[in-house]
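Report on the following structure.
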Amino acid sequence: MAMDNDRGMSDIPIDEDIDMDIDMDTVLDIDATGTGIDITRATPRLAGLPAELLELIASHLDTNGFKQLRLTSKRLCISTGALFGRRHFSDVTTDLSAPSLQRLQAFSTMHPNLASHVKEFIATTTIKPEGCNLGGGFLWSRDQTTNRLNGIPTGFLQGWQATLKGLPNCKSFSMVRPFHYHYSLFLQGHVDFAAAEGNYPILSCSETFDVMLKVIADASIPLESFKLNLNNYHALEMACVDTTFLTTQTFLASWSTLKRLDISVQVRNAEISNYLTALITLPKNLESLSITLSGGDSASALLANLARAYTDGTCAPALKTLYLEEATIPQRSLSKILLANRTSLQGLALHYIQLDEHGSVALLKTLRDGAFAKLTHLTLRYGLETRSDVEAGTFPPWVRPRWRLEFPGISEGEDRDPVCGKGFSYRLEIRGGVARSTVVFSGGYMRLGVVLQRLIDRAQVV
């Protein structure tokens, strides 16, 4: 488990065994001139204050101040234990190496009260000059011909299962590939990336993702959220992924309960597109979907697959929030997805997306006319469109010309409801000498239909 100094286990007091020299009546005084606490002055004792007041006091303290508050007396340490757990141990991060899993097991054994507050399990890694260590310390047997894993080592499986048993409320999992894991150090020549993923006794990110799904399913964990973040620059290596596992009953039992799914990958081919489509459509009541894609036509095919799944009943329409970024999207596919979820959709965010020609206004009209009764949050940022009315030879055949979506005539600034503080805002940002527009709507006194009509009237692709 990767923990910084603020969260190191050596700093965690064991509530049951704590033995302090400070008297139980020792008290604290909030320093009104700073962010810390002053334990040198005697004020009315805090140990007997209601939990609500203690939480309010702790909310104004930084990490070190909060630790000092807890260490003042055993009673305060116990009474603030739940808040401390929620604030500093909502997630754990590991590279799944043997030492990391052992530290996690020790943490959950020594501090079960804190471990009960862990809600998210994050698997990630960094590359150092001497290499990376994702899944290190175990013997990973691979087929000599395909280089595919022959199975999960018994020691790894037992170690991870023991770790998960000590985290009873952990139902969210993430596989995160740091940006520099693919680019910075690799391009600087500090590591042999191909060797690290092919020949070293460690896991690649794609292998880790596949192993995670199997361990979670084997542990019968009803998932609440899952994040697959390869930072949009790296594709799933499908040779490392067991696609047939998605049809097993153990996987379906865990995955069907999923409420939130976050995917950031490069969709390099149709195989990846079809696999991701299955991941998105298998949950019975997926409420939040976030997709960051690159990959051109294959990424567009994924959105088209989702549109078919929502319209033919394969996927239950229950989305409350939809976030799309850096994707090339067929407007008709996106409109079908939105219309299928019109009764539940509450928030829509489109960042850096590229629609087909005339797709921007068509999308706005879909939102205006689609009776989205619960839609109260809308963000459109840096929209782009492809164009067909371009002189031949202006661009190379492999380049798709793109134009910016702007709303000239709408003044920058905010139009807010003075009561609830929500409304409509529009601004232009200059990046690289190019003006780009951002539109944000958040409930309030101005009806969404009125806002959309203003945008439709002013929309211009330039």
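At position 56 of the sequence shown (counting the first as 1) the number is 190 in this note's numbering, and the numbers step up by one without a gap. Glycine included, every Cβ here is placed at the ideal spot set by N, Cα and C. Because the structure is a prediction, the values reported are computed rather than measured.
Whole angstroms are fine: how far does the CA of residue j sit from the CA of residue i?
i, j, result
"leucine 301", "leucine 362", "21 Å"
"glutamine 480", "arginine 276", "46 Å"
"threonine 377", "tyrosine 409", "7 Å"
"isoleucine 286", "leucine 347", "12 Å"
"arginine 592", "leucine 539", "10 Å"
"histidine 245", "glycine 557", "46 Å"
"leucine 283", "serine 207", "52 Å"
"aspartate 344", "glutamine 295", "16 Å"
"glutamate 254", "arginine 220", "12 Å"
"leucine 586", "methionine 309", "37 Å"
"leucine 582", "isoleucine 336", "51 Å"
"serine 231", "isoleucine 406", "27 Å"
"lysine 371", "serine 340", "As written in the sequence, residue 371 is glutamate, which differs from the lysine given in the question. The straight-line gap from Cα to Cα measures roughly 6 Å."
"asparagine 198", "leucine 217", "14 Å"
"leucine 489", "lysine 508", "24 Å"
"aspartate 151", "asparagine 247", "Unreliable positioning characterises aspartate 151 in this predicted model, as indicated by a pLDDT of 37, which lies under 50. The coordinate reading is nonetheless provided below. One C-alpha to the other measures close to 13 Å."
"leucine 501", "alanine 387", "35 Å"
"histidine 492", "threonine 342", "41 Å"
"threonine 160", "leucine 187", "Reliability of the predicted coordinates at threonine 160 is poor, the pLDDT of 33 falling under 50, and no value is obtained from them."
"threonine 528", "isoleucine 397", "Confidence at threonine 528 is low in this model, with a pLDDT of 48, below 50, so its placement is unreliable and the value that follows should be read with caution. Distance between the alpha carbons of threonine 528 and isoleucine 397 is about 35 Å."
"serine 338", "isoleucine 256", "15 Å"
"asparagine 475", "histidine 194", "40 Å"
"alanine 472", "leucine 395", "Note that residue 472 is leucine in the sequence shown here, rather than alanine. So the two alpha carbons sit approximately 17 Å from each other."
"serine 110", "isoleucine 487", "As displayed, the chain neither begins before 135 nor continues past 596, which places residue 110 out of reach and without an answer."
"threonine 448", "serine 390", "13 Å"
"valine 584", "aspartate 503", "11 Å"
"threonine 477", "asparagine 403", "33 Å"
"glutamate 189", "aspartate 225", "20 Å"
"arginine 311", "aspartate 446", "34 Å"
"phenylalanine 541", "threonine 384", "50 Å"
From the DSSP output, which residues share a beta bridge with residue i?
i, result
"alanine 483", "Tyr457, Thr513"
"glutamate 254", "Asp225, Ser306"
"valine 573", "Leu514, Tyr560"
"arginine 394", "Ser359, Ser422"
"arginine 276", "Leu283"
"valine 399", "Leu427"
"isoleucine 463", "Leu489"
"glutamine 594", "Glu540"
For residue i, which residues from the same chain have a beta carbon less than 6 Å from its beta carbon, with the 5 sequence-adjacent residues on both sides left out?
i, result
"leucine 427", "Val401, Ala433, Ala461"
"phenylalanine 200", "Ala192"
"leucine 484", "Leu458, Leu514"
"glycine 270", "Ser231, Ile336"
"leucine 482", "Leu456, Leu512"
"phenylalanine 223", "Leu248, His251, Val252"
Are the CB atoms of residue i and residue j nearer to each other than 8 Å?
i, j, result
"leucine 183", "alanine 192", "no"
"valine 399", "serine 494", "no"
"leucine 497", "glutamine 465", "yes"
"proline 451", "tyrosine 444", "yes"
"lysine 454", "isoleucine 590", "no"
"leucine 268", "threonine 259", "yes"
"threonine 572", "arginine 561", "yes"
"leucine 235", "threonine 243", "no"
"aspartate 380", "leucine 416", "At residue 380 the sequence reads leucine, which differs from the aspartate that was named. Yes, these two residues count as a Cβ contact at 8 Å."
"serine 422", "lysine 393", "yes"
"leucine 291", "valine 349", "yes"
Skipping 5 residues on each side, what residues in its chain have a beta carbon closer than 7 Å to that of residue i?
i, result
"alanine 353", "Gln295, Leu298"
"glycine 289", "Phe272"
"glycine 543", "Arg592"
Closer than 8 Å by C-beta to residue i: which residues in its own chain qualify, once you throw out the five before and the five after it? Chain order, please.
i, result
"threonine 382", "Ala351"
"serine 467", "Ser434, Leu437, Ala438, Leu440, Ala441"
"lysine 305", "Lys253, Ile355, Pro356, Leu357, Glu358, Ser359"
"threonine 280", "Ala373"
"asparagine 303", "Ser250, His251, Val252, Lys253"
"threonine 411", "Leu436, Asn439, Leu440, Ala443"
"threonine 293", "In the sequence as displayed, the identity of residue 293 is glycine instead of threonine. Cβ neighbours of glycine 293 beyond the five flanking positions: Ala232, Leu235, Gln236, Gln239."
"valine 375", "Ser340, Phe343, Asp344, Tyr409"
"histidine 368", "Arg311, His316, Cys339, Val399, Gln400"
Per the contact definition of three or more C-beta pairs closer than 8 Å, is the segment 209-216 in contact with the segment 234-241? As far as the Cβ criterion goes, the segment 234-241 does not touch the segment 209-216, which means the pair count is below three.
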